[in-house]
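Taking it in order: structure first as structure tokens, then the write-up.
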Amino acid sequence: MGKVIAICTSKHKGTLKNEVPEANLIEEFGIEGDAHAGKWHRQVSLLALEKIEDFRNKGGNVDFGAFGENLVIEGFELNKLPVGQRLTIGENVLLEVTQIGKECHDKCAIYYQVGECIMPKNGIFTRVLKGGKVKLNDEVTLVDTGKKILSL
1 MGKVIAICTS KHKGTLKNEV PEANLIEEFG IEGDAHAGKW HRQVSLLALE
51 KIEDFRNKGG NVDFGAFGEN LVIEGFELNK LPVGQRLTIG ENVLLEVTQI
101 GKECHDKCAI YYQVGECIMP KNGIFTRVLK GGKVKLNDEV TLVDTGKKIL
151 SL
């Protein structure tokens with residue numbers, strides 16, 4: 001079982017995201033008001049708290065949202081989840097993993113402000129199968145899809 005540690009949004013792609021106390025996730029669209037929302041496969045990005053802490057322990061001084069992540073999750077090795085894995089958040093939200101990592105073609109504002117980006121190797125991307133409100137400290141649960149899962 002995991003937990004939502006931070007929720008982050010931004011109006012523009014390729015920029016740092018700002019923390020918010022809650023967000024409305026819209027089915028097959030993403031986070032209301034976030035630049036990455038839309039009818040595509042990378043509607044909501046997730047990054048494991050442990051990966052951010054690893055970066056901080058190496059001297060990186062970053063806030064949540066610094067890597068462009070929407071949700072910071074504690075308790076799972078997110079980058080080890082298989083594509084197709086489903087997660088529930090809180091009482092209503094259902095996400096499905098659509099992509100692990102991403103290729104960065106250009107050095108965006110995140111790179112220039114933080115010095116590197118950990119999303120390409122450690123971030124995951126999801127689509128919203130069922131929408132609803134997500135709040136800090138909401139419980140995150142993996143839905144049994146019959147695939148092997150690694151948890152911390």
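At position 51 of the sequence shown the residue is numbered 51 (the UniProt record's numbering), and the sequence of numbers has no breaks.
Idealized CB from N, CA, C, for every residue including glycine.
- Straight-line spacing of the CA atoms in residue 87 and residue 29 works out to 16 Å.
- Straight-line measurement puts the Cα of residue 47 at about 10 Å from the Cα of residue 76.
- The count of Cβ pairs closer than 8 Å, one atom from the segment 9 to 21 and one from the segment 91 to 103, stays below three, leaving the stretches out of contact.
- Put simply, of 16, 65, 79 and 10 the residue whose alpha carbon is nearest the alpha carbon of residue 34 is 10.
- When DSSP states are grouped into helix, strand and coil, residue 7 belongs to the strand group.
- Residues of the same chain with a CB within less than 7 Å of the CB of residue 130, apart from the 5 flanking positions on each side, are 27, 92, 93 and 94 in chain order.
- The residue from 127, 122, 136 and 38 with its alpha-carbon nearest to that of residue 67 is 122.
- The residue among 36, 78 and 126 with its C-alpha nearest the C-alpha of residue 3 is 78.
- The closest CA to that of residue 44, considering only 53, 59 and 69, is found on 69.
- By the neighbour-count definition (other C-beta atoms within 10 Å, threshold 16), residue 138 is a buried residue.
- Residue 86 is bridged by DSSP to 96 and 143.
- In the three-state scheme derived from DSSP, where H, G and I count as helix and E and B as strand, residue 78 is classed as helix.
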